[in-house]
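Asker: Here's a structure for you.
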C-alpha cells in the first residue's frame, strides 16, 4: 500500500491549469476527481495492480485534483486489473456512489447514482438523435432525476441534470477519459462533496471485449449538476468551454437540439443494465 497526503503532494508538471497534457495513445484510461481543498491535510492510501498511476495536483487555488490512469494497451489479453484509492479517515455520514461502466466493444456507458433520485433508468442514443454524433457512446443513466435531458453544444453534447445552476472553475467534477474510438472525455459537475474512495477495474478478454468499471464513493450527499461529453477529434480550433455563469451556459434557444430520454419499456432498459453488469438500483 502507498500513502499519499493530498495537501502537500503535487506530482503533475507545474502548469497554470494543473496537470500536464494527457498522453495521446489510443488506449489511455483515466478518472479524475476535482474538489475543494479541505482545511486539514487528508491522507489517502492506494493499493492494486502496478499498471495504474496516481497523480495529485494542487496547482489550482483551493482545488485538489486526484487522477488515476493506465495504458490499456500495455495490459495482456485475457486479464483484469484492479485499483483502489481511499481516504484514511472514519466516515460518520451516509455515502453517495457514482458508478461509471463503459463497455468499449459495444460503446455503451452506464452511469449510476445511489441513493437514487429517480427509480426510472433513462437511455440516450446520440446517433439516433443526430447522425453527426454516431461516434458517441449510447448512455444509460440509472438513479438520476427524471428531468435529465441531452443537448448539443459547440464541442460535443451535454446532459442537463439541474437547471439554473452556475458552473465555475471551482465547481467540483468527475472526469473520465475512455479509450473508445475515438477517445471520449466524460465530465460530470456536482455540488459539494468529499471523495471517500475510487475503485477501478479494467477487463480485457480474448474475445475482444474491453470494459472499464469505476465506482466513486463520496461522504455525504452529492448532487450532479450537468455532464459535458466531447471526443478527441474536435474540429480545428474547437475547445471545451467551462460555463462560468448562467448566461454563458447553453439554453434551449441556444443549442441546436434538446432531447428528452429515449422512450423504452422497462424490460428493454433492464436488459441493458444486466448486459452492462449493472443492476436496477431500486430493486
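Residue numbers (our numbering): 1111 to 1393.
Note that CB positions come from ideal geometry on N, CA and C, so glycine has one too.
Closest by CA to residue 1148, which one among 1157, 1138, 1171?
Answerer: Selected option, being the one with the closest Cα: 1171.
Asker: On the CB-based measure, 16 or more other CB atoms within 10 Å of its CB, does residue 1165 come out buried or exposed?
Answerer: Buried, by the Cβ-count rule.
Asker: Please work out which residues of its chain come closer than 6 Å, Cβ to Cβ, to residue 1321, disregarding the five sequence neighbours upstream and downstream, and give them in chain order.
Answerer: Taken in chain order, the residues that qualify are 1213, 1313.
Asker: Output the residue ranges of the alpha helix (DSSP H) runs that lie fully inside the stretch 1150-1209 and measure 4 residues or longer, sorted by chain position.
Answerer: You should have found no qualifying run.
Asker: Going by beta carbon distance, what residues of the same chain come within less than 6 Å of residue 1296, once the five residues before and after it are set aside?
Answerer: Here the set comprises 1286, 1339.
Asker: Nearest by alpha-carbon distance to residue 1215: which of 1186, 1329, 1180, 1319 is it?
Answerer: Comparing Cα positions, the closest option is 1319.
Asker: Would you mind stating whether residue 1205 and residue 1328 have Cβ atoms separated by less than 8 Å?
Answerer: Taking 8 Å as the Cβ cut-off, residue 1205 and residue 1328 qualify as a contacting pair.
Asker: Consult DSSP for residue 1288 and reduce its assignment to one of helix, strand or coil.
Answerer: In this structure, residue 1288 counts as strand in the three-state DSSP scheme.
Asker: Taking the alpha carbon of residue 1223 as the point to measure from, which residue in 1337, 1157, 1332 has its own alpha carbon closest?
Answerer: It is 1332 whose Cα lies nearest to the Cα of residue 1223.
Asker: DSSP on residue 1236, reduced to helix/strand/coil?
Answerer: Three-state DSSP puts residue 1236 in a helix.
Asker: Evaluate residue 1244 with the Cβ neighbour count: other Cβ atoms within 10 Å of its Cβ, from every protein chain shown; 16 or more gives buried, anything less gives exposed.
Answerer: It is exposed - the Cβ of residue 1244 has fewer than 16 other Cβ atoms within 10 Å.
Asker: Using the DSSP secondary-structure output, state which residues sit across from residue 1463 in a beta bridge.
Answerer: Nothing about residue 1463 can be read from this structure; the chain reaches only from 1111 to 1393.
Asker: By the 10 Å Cβ neighbour count, where 16 or more other Cβ atoms means buried, how is residue 1430 classified, buried or exposed?
Answerer: Summary: the structure shown does not reach residue 1430, with the chain confined to residues 1111 through 1393, and so no result is reported for it.
Asker: When the Cα of residue 1290 is compared with those of 1183, 1195, 1273, which residue comes out closest?
Answerer: For residue 1290, the nearest C-alpha among the options comes from 1183.
Asker: Helix or strand or just coil, what does DSSP make of residue 1243?
Answerer: Three-state DSSP puts residue 1243 in a helix.
Asker: Please report the straight-line C-alpha distance between residue 1278 and residue 1199, rounded to a whole angstrom.
Answerer: Answer to the nearest angstrom: the Cα atoms are 29 Å apart.
Asker: In the structure shown, what three-state DSSP assignment does residue 1315 receive?
Answerer: Three-state result, residue 1315: coil.
Asker: Looking only at its chain, what residues have a beta carbon closer than 6 Å to the beta carbon of residue 1137, apart from the 5 residues adjacent to it on each side?
Answerer: These residues qualify, in order along the chain: 1181, 1182, 1183, 1289.
Asker: Terminal residues of the continuous beta strand (DSSP E) containing residue 1254?
Answerer: Counting along the chain, residue 1254 falls outside any beta strand (DSSP E), and DSSP gives it neither H nor E.
Asker: Roughly how many whole angstroms lie between the Cα atoms of residue 1235 and residue 1219?
Answerer: So the alpha carbons of these two residues sit roughly 11 Å apart.
Asker: Just tell me which of 1330, 1336, 1307 has its CA closest to the CA of residue 1154.
Answerer: Checking every option, the nearest Cα to that of residue 1154 belongs to 1307.
Asker: Roughly how many whole angstroms lie between the Cα atoms of residue 1292 and residue 1246?
Answerer: Going from the Cα of residue 1292 to the Cα of residue 1246 covers about 9 Å.
Asker: So what's residue 1221 in DSSP terms, helix, strand or just coil?
Answerer: Reduced to three states, the DSSP call for residue 1221 is strand.
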